Every structure is written in C-alpha cells, then in structure tokens.
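Down below is the structure, laid out as structure tokens.
2 protein chains.
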Amino acid sequence: MTPHETLRLFTKTLDNLERWMDKAEASAKERSFDVDVLAGARLAPDQFAVLQQVQSACDQAKYAAAYLGGKPAPSHPDTEKTFAELRERIRKCTAFVATVPEKDLAGALERKVAPPWLQGRWLTGRDYLAHVAVPNFFFHATMAYAILRHNGVSLGKMDYIGSLPTREA
Amino acid sequence: MTPHETLRLFTKTLDNLERWMDKAEASAKERSFDVDVLAGARLAPDQFAVLQQVQSACDQAKYAAAYLGGKPAPSHPDTEKTFAELRERIRKCTAFVATVPEKDLAGALERKVAPPWLQGRWLTGRDYLAHVAVPNFFFHATMAYAILRHNGVSLGKMDYIGSLPTREA
Numbered sequence: 064m065t066p067h068e069t070l071r072l073f074t075k076t077l078d079n080l081e082r083w084m085d086k087a088e089a090s091a092k093e094r095s096f097d098v099d100v101l102a103g104a105r106l107a108p109d110q111f112a113v114l115q116q117v118q119s120a121c122d123q124a125k126y127a128a129a130y131l132g133g134k135p136a137p138s139h140p141d142t143e144k145t146f147a148e149l150r151e152r153i154r155k156c157t158a159f160v161a162t163v164p165e166k167d168l169a170g171a172l173e174r175k176v177a178p179p180w181l182q183g184r185w186l187t188g189r190d191y192l193a194h195v196a197v198p199n200f201f202f203h204a205t206m207a208y209a210i211l212r213h214n215g216v217s218l219g220k221m222d223y224i225g226s227l228p229t230r231e232a
Numbered sequence: 064m065t066p067h068e069t070l071r072l073f074t075k076t077l078d079n080l081e082r083w084m085d086k087a088e089a090s091a092k093e094r095s096f097d098v099d100v101l102a103g104a105r106l107a108p109d110q111f112a113v114l115q116q117v118q119s120a121c122d123q124a125k126y127a128a129a130y131l132g133g134k135p136a137p138s139h140p141d142t143e144k145t146f147a148e149l150r151e152r153i154r155k156c157t158a159f160v161a162t163v164p165e166k167d168l169a170g171a172l173e174r175k176v177a178p179p180w181l182q183g184r185w186l187t188g189r190d191y192l193a194h195v196a197v198p199n200f201f202f203h204a205t206m207a208y209a210i211l212r213h214n215g216v217s218l219g220k221m222d223y224i225g226s227l228p229t230r231e232a
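Here it is in structure tokens:
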C-alpha cells in the first residue's frame, strides 16, 4: 500500500464504522435503550470506552495524513459524549484526510516523523505507517467493533470489511 | 508498505501475540485457573473464541504470503485446543511466511488473487492486501487481544505494538 492507499483505507474503514454505529442505533431502538449508553461501554474497567476508541481511530488517521503529507494536524478536542458527536468527529477527520492529495505524499516514506510522544526520537514515514499508524488505527477501529459486538449489536465480518473491489473472472 | 514489509509486520504482530499469551499464562497461574480456559473465551456467543481468532490471524498471514508470493499455502488444519498448540500454529505460520523472499514478491501488486470464497471473482494483489489481508489480519489479532483483556489479562498498548525502530534525534 502506498501512503495514499493507506489513507484511503483509513477513510473507508471510518465510513464502515459509521455503518456499525447505524446498527448500534437500530439495536438500541429495538431493545429500548439510549444508544449513547454504548458510547461509554468498554471491555475492561481500565480500558478506553467506545468514545475514546473512535476518537483514537480518527486521530491515527488524522496524524498519519498530517505527518506524511507535511501539514499541521487540525485540533479536534476529545469533547464528544454522544454517537451524534462521534459522527461529526469522524466526518471532520475524513474531510481533513481528503485535503491531503496524492502529490503531497511523494517522499512521505522518507520523511522524518517525530510525534511528541517519541520525546525527541523519530521514525521514518515508512516505519511510522507500518509500526504505528496501521496497527494502531485497526486496533482502535476493531476495539470499537468488539465493544459493540459484546453488547449485542449484530455485526458480522462484512460490516467490518465493507465493499470489496472484486473483478469479473 | 511493500508486500514484503506487510508480511514482516504480520510476523512481528504474531510474535507480539505470543507475548500476550505469555501474559495470559502468567495471569492464569496467578489466579489459579487453567490458561486453556481462555482459549475458549469469546466476547459474544456467536463470535469466534481466542482459538479461532489466532487461527484466523495466522491464516490471513499465510494466505497473503502464498497468494502474493505465488506459491501454494500449506495446510494447517484448525485442530488446536490449547495455548501450547496455538503457539505451534503461530510458529508454523511465521516459518512459512519466512520462506517467501522479497524477490518472489516482485509484481505481487498486479497478481490476480482469486481465493475460493470469492467464487470465481478476483482481486488484484494490491486490493487483496489493502481490502482483505491487512484489515482482517489486524481484526483477528486485536480480537484475541480484546478477549484476553476482557478476561483480566494485564495488556497495554505497547504489548500490542511491540518494538519500534525509532532513531536518535
């Protein structure tokens, strides 16, 4: 995957995540509870809830686009409390990712990526994608899915994967 | 990520998964239960247990190596029942992946990948990696992690990510 293909995959998966949220909303309605209860659900008391899992997946996509595209990341404060607000967060994120054109990603693999949490050390763009952005993005997206699934939302693998660009034999 | 880098990332993550299993074993010992109870744990009654999550993560890596490297995938029947057997499965998988050298992956992105479940349709190697292998591999690895975490195994994000090839400023 090129950096541009990686960003498109993140956007596709965030769009899929909105479909999981559709199913969570339908399930909450059917079972007569407020869907925003699920925003606070988690699998362990010392783990992120759905809210933070979605915020974190968005941030992985946002920072990958910013670091690799060589532009500042917009600030998206973690203030969301509801599914409706999480949807806005996802759309702000994918709108920002879409502002990074393929041409700005030329040379991205050789870029020096020095996020604050590396405390002065750095990774090549190539290593940042493979060792940080890709595994972390799918970690948080899958964890959001896992928490919804654990709470009885009827999700299956094709909800996770979304559409496939298959071709005729 | 090139196809070769993607396969290396899968192998790194499967090695990390063995470290999560180390922690699960330590936790089981400390809490006086048989660790193989965790092999059957799941987050929902109609979801794969840890056993199948690990088998599936291995299969995503194995098939990606086989399809993209243009060699047949070895048969690894899903007969495991214990953590010890899952460790053997992981090692058989990573040993196979290691038999695919970088030179065999030249042209992999343009290869025609037609797994049986596509029922005659096919994906380019490029699309197979981005839309199937990468998201599915991390889905199953993260789900194994999530189930262990839900069952009180003390895992954190750095256990998931493993080592980072950071460089000095």
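As they're listed, the protein sequences go chains U and C. Numbering-wise, the first sequence is residues 64 to 232 according to our numbering. Numbering-wise, the second sequence is residues 64 to 232 according to our numbering. Note that beta-carbon positions come from the ideal geometry of N, C-alpha and C, so glycine has one too. Remember, predicted model here, so these are calculated numbers, not experimental data.
- Starting from V197 (chain U), follow the alpha helix (DSSP H) in both directions and report where the run begins and ends. 197 to 213 is the extent of the alpha helix (DSSP H) around V197 (chain U).
- Does the separation of the CB atoms of G188 (chain U) and V163 (chain U) fall below 7 angstroms? Taking a C-beta distance under 7 angstroms as the contact criterion, G188 (chain U) and V163 (chain U) do not qualify as a contact pair.
- Message: Measuring straight from C-alpha to C-alpha, what distance separates F146 (chain U) and E88 (chain U)?
- Response: Linking F146 (chain U) to E88 (chain U) through their CA atoms gives a straight-line distance of about 9 angstroms.
- Quick one: using the 10 Å Cβ neighbour count with 16 as the cut-off for buried, is S226 (chain U) buried or exposed? Exposed is the call here.
- Item | Closest residue to Q110 (chain C) among U:P228, U:R230, U:G219 (Cα-Cα distance) | The shortest Cα separation from Q110 (chain C) among U:P228, U:R230, U:G219 belongs to U:G219.
- Pairing CB atoms from the segment 179 to 195 of chain C with CB atoms from the segment 91 to 99 of chain C, are three or more of them under 8 angstroms? Because the criterion of three Cβ pairs below 8 angstroms is not met, the segment 179 to 195 of chain C and the segment 91 to 99 of chain C do not touch.
- Query: So, are the CB atoms of A196 (chain U) and Q123 (chain U) less than 7 angstroms apart?
  - Reply: The answer is yes: Cβ separation under 7 angstroms.
- Using a Cβ cut-off of 7 angstroms, pull out every chain C residue sitting near R212 (chain U), in sequence order please. Near R212 (chain U) (Cβ distances below 7 angstroms), the residues of chain C are L106, A107, Q110.
- Take G215 (chain U) and list the residues in its own chain whose beta-carbon comes closer than 8 angstroms to its own, dropping the five residues that flank it on each side. Excluding positions up to five away in sequence, the list reads S90, R94.
- Message: When you compare the CB of M84 (chain U) with every CB in chain C, is at least one pair closer than 7 angstroms?
- Response: M84 (chain U) does not count as touching chain C.
- Contact check, A204 (chain C) vs T69 (chain C), beta carbons under 7 angstroms: No, they are not a contact pair.
- Message: Looking at the secondary structure, which residues open and close the alpha helix (DSSP H) in which D223 (chain U) lies?
- Response: Reading off the sequence shown, one finds Tyr at residue 223 (chain U), where the question assumed Asp. Where Y223 (chain U) is concerned, the enclosing alpha helix (DSSP H) stretches over 220 to 224.
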